[in-house]
Structures are given as structure tokens and as C-alpha cells.
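Residue numbers (the numbering used here), protein chains in the order written: chain D, 17 to 536; chain F, 17 to 379.
By construction, the Cβ of each residue, glycine as well, lies at the ideal position given by its N, Cα and C atoms.
Read through the structure below, which is laid out as C-alpha cells, and then see the notes.
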Amino acid sequence: MASVPAVRMTGITKAYGATVANDGVDFELIPGEIHVLLGENGAGKTTLMGILFGMVIPDAGEVRLGDEAVSFGSPQDALDRGIGMVHQHFMLVQDFTVAENVVLGSVSPFDLMFRRAAIEGTVAEAAERFDMDIDVGARIRDLPIDTQQRVEILKLLYRGARILILDEPTSSLGPAQIEALFSGLKQLRDAGHSIVMVTHKLGEVMELADRVTVLKAGRSATTVGKGEFDERSLARAMTGHDLPELPPPTGAEAGREPLLRVRDLVVHAGARLHAVHGVSFDLHPGEILGVAGVEGNGQRELLDALAGVSAIEAGNVEVGGRDMTGASPRRLREAGLSVIHEDRHGWGLVLDMSLADNLGLAEVATGAASSHGFVRRRRLKARARELLEEYDVRPANPDALALSLSGGNQQKVVLARELANEPSVLIAANPASGLDVGAADYVHRRLLDVSKEDRAVLLISHDLDELLKLSDRILVLHRGRILYQAPIREVSMDVLAMAMAGSAPSQGNGDGAAVGSEDM
Amino acid sequence: MATPREAVHPAPGSPPGVPPAASLRGRSSPLVRLLIALAATVAIFSALIAALGVNPVDAFNAFWDGSVGSKFSLGQTVMIASLLACTGLAAAIPFQAHLWNVGGEGQLWAGAVAAVALALELPDGLPDWLAITITVLGACLAGALWGFIPGILKATVNANEVITCLMLVFIGIALGNYAISTLFPSQSNQTESVPFERLLPNIWEGTLVTAGALLALGAVLIAIVLMTGTSLGFQIRAVGLNRNTARISGMRTGRVIVLAMVIGGAFGGLAGAIAVLGINGAVVAGFSANFGFLGIAVALVARLKPLWIVPSALLFAALRTGSSGLQAQTGISATVGEILVTVLVIMLLAVGVIRLRYAEAAQ
Numbered sequence: 017m018a019s020v021p022a023v024r025m026t027g028i029t030k031a032y033g034a035t036v037a038n039d040g041v042d043f044e045l046i047p048g049e050i051h052v053l054l055g056e057n058g059a060g061k062t063t064l065m066g067i068l069f070g071m072v073i074p075d076a077g078e079v080r081l082g083d084e085a086v087s088f089g090s091p092q093d094a095l096d097r098g099i100g101m102v103h104q105h106f107m108l109v110q111d112f113t114v115a116e117n118v119v120l121g122s123v124s125p126f127d128l129m130f131r132r133a134a135i136e137g138t139v140a141e142a143a144e145r146f147d148m149d150i151d152v153g154a155r156i157r158d159l160p161i162d163t164q165q166r167v168e169i170l171k172l173l174y175r176g177a178r179i180l181i182l183d184e185p186t187s188s189l190g191p192a193q194i195e196a197l198f199s200g201l202k203q204l205r206d207a208g209h210s211i212v213m214v215t216h217k218l219g220e221v222m223e224l225a226d227r228v229t230v231l232k233a234g235r236s237a238t239t240v241g242k243g244e245f246d247e248r249s250l251a252r253a254m255t256g257h258d259l260p261e262l263p264p265p266t267g268a269e270a271g272r273e274p275l276l277r278v279r280d281l282v283v284h285a286g287a288r289l290h291a292v293h294g295v296s297f298d299l300h301p302g303e304i305l306g307v308a309g310v311e312g313n314g315q316r317e318l319l320d321a322l323a324g325v326s327a328i329e330a331g332n333v334e335v336g337g338r339d340m341t342g343a344s345p346r347r348l349r350e351a352g353l354s355v356i357h358e359d360r361h362g363w364g365l366v367l368d369m370s371l372a373d374n375l376g377l378a379e380v381a382t383g384a385a386s387s388h389g390f391v392r393r394r395r396l397k398a399r400a401r402e403l404l405e406e407y408d409v410r411p412a413n414p415d416a417l418a419l420s421l422s423g424g425n426q427q428k429v430v431l432a433r434e435l436a437n438e439p440s441v442l443i444a445a446n447p448a449s450g451l452d453v454g455a456a457d458y459v460h461r462r463l464l465d466v467s468k469e470d471r472a473v474l475l476i477s478h479d480l481d482e483l484l485k486l487s488d489r490i491l492v493l494h495r496g497r498i499l500y501q502a503p504i505r506e507v508s509m510d511v512l513a514m515a516m517a518g519s520a521p522s523q524g525n526g527d528g529a530a531v532g533s534e535d536m
Numbered sequence: 017m018a019t020p021r022e023a024v025h026p027a028p029g030s031p032p033g034v035p036p037a038a039s040l041r042g043r044s045s046p047l048v049r050l051l052i053a054l055a056a057t058v059a060i061f062s063a064l065i066a067a068l069g070v071n072p073v074d075a076f077n078a079f080w081d082g083s084v085g086s087k088f089s090l091g092q093t094v095m096i097a098s099l100l101a102c103t104g105l106a107a108a109i110p111f112q113a114h115l116w117n118v119g120g121e122g123q124l125w126a127g128a129v130a131a132v133a134l135a136l137e138l139p140d141g142l143p144d145w146l147a148i149t150i151t152v153l154g155a156c157l158a159g160a161l162w163g164f165i166p167g168i169l170k171a172t173v174n175a176n177e178v179i180t181c182l183m184l185v186f187i188g189i190a191l192g193n194y195a196i197s198t199l200f201p202s203q204s205n206q207t208e209s210v211p212f213e214r215l216l217p218n219i220w221e222g223t224l225v226t227a228g229a230l231l232a233l234g235a236v237l238i239a240i241v242l243m244t245g246t247s248l249g250f251q252i253r254a255v256g257l258n259r260n261t262a263r264i265s266g267m268r269t270g271r272v273i274v275l276a277m278v279i280g281g282a283f284g285g286l287a288g289a290i291a292v293l294g295i296n297g298a299v300v301a302g303f304s305a306n307f308g309f310l311g312i313a314v315a316l317v318a319r320l321k322p323l324w325i326v327p328s329a330l331l332f333a334a335l336r337t338g339s340s341g342l343q344a345q346t347g348i349s350a351t352v353g354e355i356l357v358t359v360l361v362i363m364l365l366a367v368g369v370i371r372l373r374y375a376e377a378a379q
């Protein structure tokens, strides 16, 4: 390279106690490039970027900006030097306006009170300069998630950031929103900004990256430029081995009794935006039915209603031909329905209990693991050992507390428990979210196994790749209604993306006017 | 969505190394921290005593004599500890289910009233052992009822158990005063006395220790078996640690909540029976020196573990009897004893022996 790198990090080392998060990592950012930092969970991506942004103080190593060695004591130091970071969870004050958030910290409260119009003017000007269509007077809480993200980026640009770090920026966006984000990032790059994007999604790398650095187990495994990588080689660099192709979905046999039948389901939302307004579908034996949609379009309400933990206002639900509308989780479980909840810590595990206890929750609840009111400890533990072995959970120690495991291993524990009693219907919501490639692949294989055995899976996910890989059929939820559904071989990406963004394709049953008027 | 709790990566920006205060709270063993708290309490209390014009050495001698220095005073401490162990269990079991049963005081009073009523009203023809058994069980039942009400309200309409429990404390105390003034009035400020043969027998000559101490020990054993061995105990823990996961796993969480409160209440009621049949022989006005509330501290110091309730209850009981000795020998008001307990609880909180964060307390 002829030019001086914008950032050069060499020999970065950072340990947390016995855990070495970064072990002599080298990283280089060229001016005007989009550089993707790729790696599995725990590979040290966030730590490395935390060091660049001044949030984490490295134990050893050097950070250079241009020709100058720097050492940041706080994010403010980094911001002063033109480095900004957009975190996975936005750092915006929900009750402030866009303009207020953008200038927060860089103007005095006095100015904020008495020079509002002028401030809004400069922020609006900045938004225009960066080609962002944002109403600077709107309150953050009223804005959709992708606009909030743009506000985060604008905030950094407004403060003069030339180097932008984005941590998993696509995790809560739909395909259309992702596309908009990417084109915005490319624009910024072309205007001379340097961008680091942290992700573990391979597809995004292919689309966006000028160069890629892969971190593996705290070391920089490789840095490659455009044209020198494909998804396969990157996956290998991340995991250290090849992942075999998933077998294709098997497809349901038509004409058989559905295992799960949902008719005109209506669920009310609490504080959430969109509930479920009259959803109907059948889930057949041997089938994986994917439910797609941008987060917050009724998926969570659908999940909670089907899991028996939130009230059903109208409509009915049949499991295996029996009416189960409004049944408790206990009765649903007895009827052969299992749930892998998307909120692993809130609804999947008891973090402060041992793995044996976590695996035995359902058995203790139903009495299968107790006799005369006493827990059959030995049986519980033996069973746990078997399951931990079978599902390759590490550590395979039944006495370990659930909270001591990594996310992937925790998910395997949930999976083991929910599949152990061979449910006829499995509802899995974002079952691989937050998991690294290897663990996600494992979860996917298990789901495919379920469908092979003439049982069925309802897969609710906001990860389109996951849905396209596993589903036999896909339906799209938008604002609590089914806007589109089709067998997988008839699904086109364009139509899917449009449906997720809310424009009803011709064969959908959505009614535009009604959809608009029933916002809650 | 919940953010993952990762053991590997602490929150970005957390300072490197562990500050000394955190190591005091986090690293050293609970026993060491308990000793630190006791030492600090002694120091503060000595200063207070000296300020009141009494030689701290004399004061501690008096304190020692009053709590464990003689056979008789040791016996008194044991009986107070029996009460506190039961009210401690009344708090600990529901706490494990993440239910803040702060109604031990009410459950204690309800049990005491039921005990005196049964002991006085059961037909004369009954054999004494049967009458005593029925009386004790009746007291437990009354306490259980006092626990059932907040429990069922919590399970059905999600009424805050702290508030309902506190309301029932007032009702329980009022019920006790009603028993004293109207139901079973006597010459002095207490109910009629229970006939001698219907009291719990003395089991240690030269002291006032009665079979009530054995009942308390039995209660602790029952609680240990409940929490470590039974399916219900497992479910109480699961519901306490994560009600959502327990529910989606098929547990009847409402039922578990009610049962945890009922069991806690029964232990509180048992404390009432011990007070009436094993200590006072009647419901005496103001007999409970906040024993029900003190049970909360007993449970927290024991980290909600039934076995540790025993030493914890003995500690708090010794403070109580010791400060009575202090008053008798030095003339310092017994309210100083209240201060002593308060100072200790604050010190225990300060060094982290008592933790209000539930997850840590339970495991």
C-alpha cells in the first residue's frame, strides 16, 4: 500500500483474568475502505474495537493513527481524534429529539434551551450533507430502528468522525433496511471515510467488504483483500475447518393431518408495537415452516401465544387435532409441543441452576423425575450426562451452573431439554441468534432432524439466511398479519424483501388500508 | 432481548483489576466477612457504651453473662433462637421462591392466638400429648393461612406480597390484642394461662428450655429435606430463580408460589406455638420483640439456607438475651440492645454477608 494506514494496531494484547481476549492482534485500516472484522463469538472482535475506541485499555501493543502513536484513556479521547463507534445497543436518549441527541455533549445546555432553532438548523444541514433523510425534530422513541441507527451515525459524523466502527449493525434490521444501510456506508466510504464493521455474518462480508480481517480465538487469523475470499474460505478461517453443506429440507407430504393448526389468531400487545391480528396457518408432519419478518412485527406475540404464556384474544389453536386454545405451557407440553424461546436467559434457562437441574426442569414439572414427591437426583444426573454427551455440550459437567457456559453451549442445553421428550411440534424462535457459525450449524442440523422424523418445526426467525436454508415453506409477518406465504422453491428474494418491508405482493392476503389503520 | 451474560468478557470499560472494596465483598469467605462485621460492631458498640458512661469491659461481661455465661442464660438464648429459627424459615422458604414474605410477625401472632385458643378450648378429656399435638398443628395452620392469603393474591392477581404481608402483620397483632382483651382476658396484660399439663415439657433441668427447641430443630430438618430433596423444593428454587423458565417448562408456578407462602407461614405459626406453649404459657402483650421481622435478618445472614438458620438464629438470640443482661447489670436501657442488632445488620450488609441480590443469595 502506498498510503499511510488510517489506523495501525500492532501486537494488541488484552487479558481478563485468565482469559486472553486479544493475543498479539494486528489490525490495519486503510483510509477510504470498508473493512470487515469477522469472527465467532468470543474471538475478540469487540475487545479489539473497544481498544480502538478507548473503552478498553490494552495490556500491551501499539495503536497508531497515521504516523502517530496514541493511547486513549476514554471514548472521548477517541472521538477527539475522529474515531466514532456505533454500538449494537444504541446510545440514544429516547425522549430527546434527533437534533438534541446529535449535539448532546458538544453544546452547552444553555444553547440547547435557547438556540434550539439554530441547532436544529445545523443538524439538518449536516444530515443533508451526508444524504440522510431524517426529521431532526422527531423524538427518538418515535423513530423506527433503522432511522435510530442513522441518527447514531449522524451523531458521529457531526462530531467530525472520519473513522467509523459499527458493531453488528445489521442484527435487528430487515433486508431492505440492511440494503439501505450498506449503500449509505458505501457512500461514506466514497466520500473518504474509513469504516470498520464487526460481524459474524458471512453474506454481509461478500456484499460490503473491501478487505476482511478474520479473528480466531483472540488472534488475527488472516487479512484478505477483495477478490481473495469467498464465503467458504472465510468460514474455514473463522472456524478452522470446513462446514459440510446442510441437507436440503425434506418437504411435507400433502394431505396429512396438520400437527399444529392456527386459525384467526388474535393476540394483544402490551407495550409492544404490533400484536397479532388474525393469523392462520397449518403445520404439517415433516415440515419446517419459517416465519419471517422484521423484528417487532408480531413474531414475539405469536411465539408467546403459541407457547401458552400470553393470552389469546380470539381464534384457536389445535395441537395434534386437539383444541389447545389458551392452554397452559404444561398442557401444551403434554400435548407434544415444545418451545425454544428466543430469550434464552429469560425464558430458556435458569442461569443459577446446574445443567442437570436445567435439563430436568420439565421432567420435575411433570413428575417424571420424581417419586413420592422426592426428586430422583441420581436419575436426573445420569440423564443429564447422557444428554450433555449426545449434544456435545462443553463442559459436559452436570453440576456446572448454566451461567458459566458460552451462549452456544447454553443453547445446546435448551435444545437437548426441548428435544429429549420427542415433541411432535417444536416452536423455535431465533434458535441460532448470537451463536457462532459452528454452533448455529449444529442447531440447524438438529431442527432438520426433527422434521425428518415426521415431526414439525415452526421456525420464527429474523435471519433470512437461516429461514431460506431450513424452511419448506415461508410466511412473512408484517404488522401482525401474514403478508405473504409460499413454498420455498417459489420464494423469490425480491418478493420476500418487499413483503418484509410491508408492500403486499399480489398473492398475499394483506389489505394495505386496513394494515395502516390498525397500528397500535 | 436480554443481553447475554458472558463470563469471559466483562463489560467494556470496566477498570482493570479488582478494587479492594470488591475483593472484600467478593473474594474472602463468608465466615471471614462475618468476623469482620462482628469486630466492627463490637468497636462501634463499645464506643457507644463508653459514651453512656459505662466501662465497655463491664458491659461485655454483663452481656456475656446474660447470653451464654450461665446455664440459665444459655437456656434463654436457646429458646429465643428457637423462635428466630422458625421465623427465619418463614422468611427463607418464600425468599427462595423470590417472594418477599415480610409477614413473619403476623404469622407468628396468628399462630400464637391459635395456640392459646386451642390449648384453652380443647375438651378436657383429650390426652395431653394429643392436645399439644393438635395445638401445635393448629398454630401452624393459622400461620399457613396468614401466608396463604398473600400467596393466593400474588398468584391470581399479582398483588405485591410485601404490602399484603405487612397488612396481615397489623391484623395478626390486632387479633392478639383482641385475644388478650376480650377472648381470654386475665388479671394481667396477657391472656389466660394455658394449663401446665398442656405446655411443652421442660427438657433441660435448671433452665427454661422446653421441647419447643426440639420443634424448632425439627422444623429446620423438614426445611432442609424440603429444599434439597423434594420436587416441591426444586420447583420453589426454579420459580424463584426464573419464574418464566419455570413456567414455560411446565411448572404450575401459581401453585408453587402459594405453597411456598403457605409453608413459610406455617413455620411462622410454629414460632407462635413455641412462644405460647414453650416460653410464655399465654399470649402476652408485646411478647414478640419483633421476632417475626428479625427472622428476615436471620434468613438473610443464613443466605436462605435452612441449615445455616441455626447458627444465625443463635447469634441474633444471643444479642437479644445479652442486652437484657446488660440492662440488668449496668442499668443501660434495653433499647441499646436494639441498636446493637441494628448496627450488626448494617455491618453485615456493608461487608456483604447479607446480600439483597437474590441470585447470589440463593446459590
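Each of F/G69, F/S62, F/V272 and F/G341 was checked against the Cα of F/A171, and the nearest Cα belongs to F/V272. In terms of Cα proximity to D/V212, the closest of D/E406, D/N446, D/G243 and D/H51 is D/H51.
With at least 16 other beta carbons inside 10 angstroms of its own, D/P191 counts as buried.
At the C-beta level, F/Q112 and F/G281 stay beyond 7 angstroms of one another. Two segments are said to touch when three or more pairs of C-beta atoms, one from each, lie closer than 8 angstroms; by this definition the segment 389 to 405 of chain D does not touch the segment 343 to 357 of chain D. At a cut-off of 7 angstroms between beta-carbon atoms, D/V86 makes no contact with chain F. The beta carbons of D/S449 and D/E358 sit about 7 angstroms from each other, so the pair counts as a contact at 8 angstroms. If you look at D/Q427, you'll find it in the alpha helix (DSSP H) that goes G423 to A436. The continuous beta strand (DSSP E) containing D/G77 extends over residues A76 to L81.
If you draw a straight line from the Cα of D/V86 to the Cα of D/V79, it is about 6 angstroms long. For D/N413, the three-state secondary structure derived from DSSP is coil. As the crow flies, the alpha-carbon of F/L257 is around 12 angstroms from that of D/L419. F/M267 reaches chain D at A381, counting residues in chain order whose Cβ is nearer than 7 angstroms.
The beta carbon of F/L242 lies closer than 6 angstroms to those of G249 in the same chain, with the five residues before and after it left out. Contact residues of the segment 115 to 141 of chain F toward chain D are absent (C-beta to C-beta distance below 7 angstroms). DSSP, reduced to helix, strand and coil, places D/M71 outside both helices and strands of the structure shown, so it counts as coil. Burial of D/E220 is indicated by the presence of at least 16 other C-beta atoms within 10 angstroms of its C-beta.
At a Cβ-Cβ threshold of 7 angstroms, D/S236 and D/A22 do not count as neighbours. Interface with chain D (7 angstroms Cβ-Cβ cutoff): F/I52 is excluded.
Excluding its 5 nearest sequence neighbours in each direction, F/A287 has C-beta neighbours in its own chain below 6 angstroms: L99, C102, T103 and L124, listed in chain order.
Excluding five sequence positions before and after F/G91, the CB atoms of its chain that fall closer than 7 angstroms to its own CB belong to W220, T223, L224 and V225, given in chain order.
D/L353 is a Cβ neighbour of D/V441, given a cutoff of 7 angstroms.
Under the three-state reduction of DSSP output, D/V453 falls in the helix class.
Taken through DSSP and simplified to helix, strand or coil, F/T346 comes out as helix.
Looking only at D/G306, D/G137 and D/V118, the smallest Cα-Cα distance to D/I169 is reached by D/V118. Residue-level contact by beta carbon fails for D/R495 and chain F, as no gap is shorter than 7 angstroms. Counting C-beta atoms within 10 angstroms of its own C-beta, F/L215 has 16 or more neighbours from the protein chains shown and is therefore classed as buried. Within chain F, no C-beta atom comes nearer than 9 angstroms to that of D/A384; the closest sits roughly 10 angstroms away. Near chain F, meaning a CB-to-CB distance below 7 angstroms, the residues of the segment 318 to 351 of chain D are A323, V325, P345, R346 and R349.
By the rule that beta-carbons nearer than 7 angstroms mark a contact, F/S304 does not touch chain D. Of the residues assessed, D/M71 falls on the buried side of the cut-off, its CB having 16 or more other CB atoms within 10 angstroms. Residue pairing of D/E84 in beta bridges, as defined by DSSP: D/L81. Listed along the chain, the chain F residues whose CB falls inside 7 angstroms of the CB of D/V391 are G245, T246, S247 and F250.
Under the rule that a run must span 4 or more residues, the alpha helix (DSSP H) segments found entirely inside the segment 157 to 232 of chain D read 161 to 174, 191 to 206 and 218 to 224. Contact annotation: the segment 352 to 359 of chain F touches the segment 55 to 64 of chain F, with at least three C-beta pairs closer than 8 angstroms. The beta-carbon of D/G362 is placed less than 7 angstroms from the nearest beta-carbon of chain F.
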